[in-house]
Amino acid sequence: MRINVLQHTPNEGPGMIQDWSQKHGHEMYIYHPYQFGYLSTAEETDLLVILGGPMSPNDNLSWIKQERDLIKELLNQNKPLFGVCFGAQQITKALGYEVSKAPAKEVGFAPVYRRDAKFLNIPEELNVLHWHEEMFEIPADAQLLFSSDRVENQGFILNHRVVGLQFHLEPKRDNVREIVVNDFPYLKGSVLNQTSKEILETRISDDNKQTLYKLLDYIVEK
């Protein structure tokens, strides 16, 4: 399987998604459209992963619109998509739904709670990394997958092929360090009121990895 990854900032890479890819012997190609302007084609994509970033889907940038065109092609071909934060917002925007300011800016670790999709056998609660102040609408045919205490729309699953998460399951310890040391000013104004030190000292549960793997396994099932 060829996994094409759209990365949107140097400090938010695929993390444990890459581990999952290597575990299954897949080939991963990482694109940086914000810097180089190149995207994969739908024909050469078996799974598209759209990662987070500091931009908004509402920004008037040509590469953001080109990403959505690719997403639409893959949706029409029923190919699997996995979106994280900005990536999940891009998927919903491609489907015709709004991306808007969330009720609260969440930056740091905080719990999310499973809503639907009990068949996936994932935990009812996960302590995850949040790094956002916008949110997506849930597509009409999608299941609400996760909510937090402050933002209801934290995750969705659509047609057995698409998962979008507003939060981050993919970072490993080193990835969290990279995010924090480069983007710590973004902590200002967060309702979670966490310091860089508190975030860096938060343990990442193995449940996050297992949940990520189950979601990826699910959308690529034949």
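Position one of the sequence shown corresponds to residue 1 (UniProt numbering), numbered consecutively onward.
Beta carbons: idealized from backbone N, C-alpha and C, even for Gly.
When DSSP builds the beta bridges, which residues end up paired with residue i?
i	result
V49	V5 and F82
R114	F146
F36	DSSP output for F36 lists no bridge partner at all.
S100	M135
H130	G108
V220	None, per the DSSP bridge assignment.
Can you find the residues in the same chain that come closer than 7 Å, C-beta to C-beta, to residue i, ignoring five residues on each side of it along the sequence?
i	result
E170	P14, G15, M16, I17, V84 and L212
G37	W63
A88	F136, G164, L165 and Q166
E133	K101, A102 and K105
F156	I138, P139, A142, Q143, L144, L145 and G164
T92	V99, F136, E137, P139 and G164
S190	K105, E106, V107 and G108
Which whole-angstrom value is the C-beta distance of residue i and residue j, which I expect to be below 8 Å?
i	j	result
L106	S148	Note on residue identity: the sequence assigns Glu, not Leu, to residue 106. Yes, they are in contact, since the Cβ atoms of E106 and S148 sit about 7 Å apart, within 8 Å.
E67	L6	6 Å
R173	I199	The pair is not a contact, with the Cβ atoms about 11 Å apart (cut-off 8 Å).
D116	L145	6 Å
Y186	E137	With a Cβ gap of about 23 Å, Y186 and E137 do not count as contacting.
N127	F109	6 Å
I179	N11	5 Å
Suppose the cutoff is 8 Å on Cβ atoms and the five residues either side in sequence are ignored; what does the same chain contact list for residue i look like?
i	result
K79	A42, T45, D46, L47, L48 and R161
V151	A102, P103, A104, E106, M135 and Q166
Excluding the 5 residues preceding and the 5 following residue i in the sequence, name in chain order all residues of the same chain whose CB lies nearer than 6 Å to its CB.
i	result
Y216	Before going further, note that residue 216 is Leu rather than Tyr in the sequence given. Contacts found: W20.
F82	V49 and V163
L202	Note on identity: in this sequence residue 202 is Thr, with Leu being the wrong assignment. The answer, listed in chain order, is F109.
Y113	E125 and S147
G53	H8, T9 and F86
Drop a sphere of 10 angstroms on the beta-carbon of residue i, count the other beta-carbons inside from all chains shown, and report buried for 16 or more, exposed for fewer.
i	result
T195	exposed
P33	buried
Q22	exposed
Q77	exposed
N193	exposed
Q35	exposed
V176	buried
V181	exposed
N58	exposed
Within 8 Å of any Cβ in chain C, is that where the Cβ of residue i sits?
i	result
H132	The chain inventory of the structure shown lacks chain C, comprising one protein chain alone.
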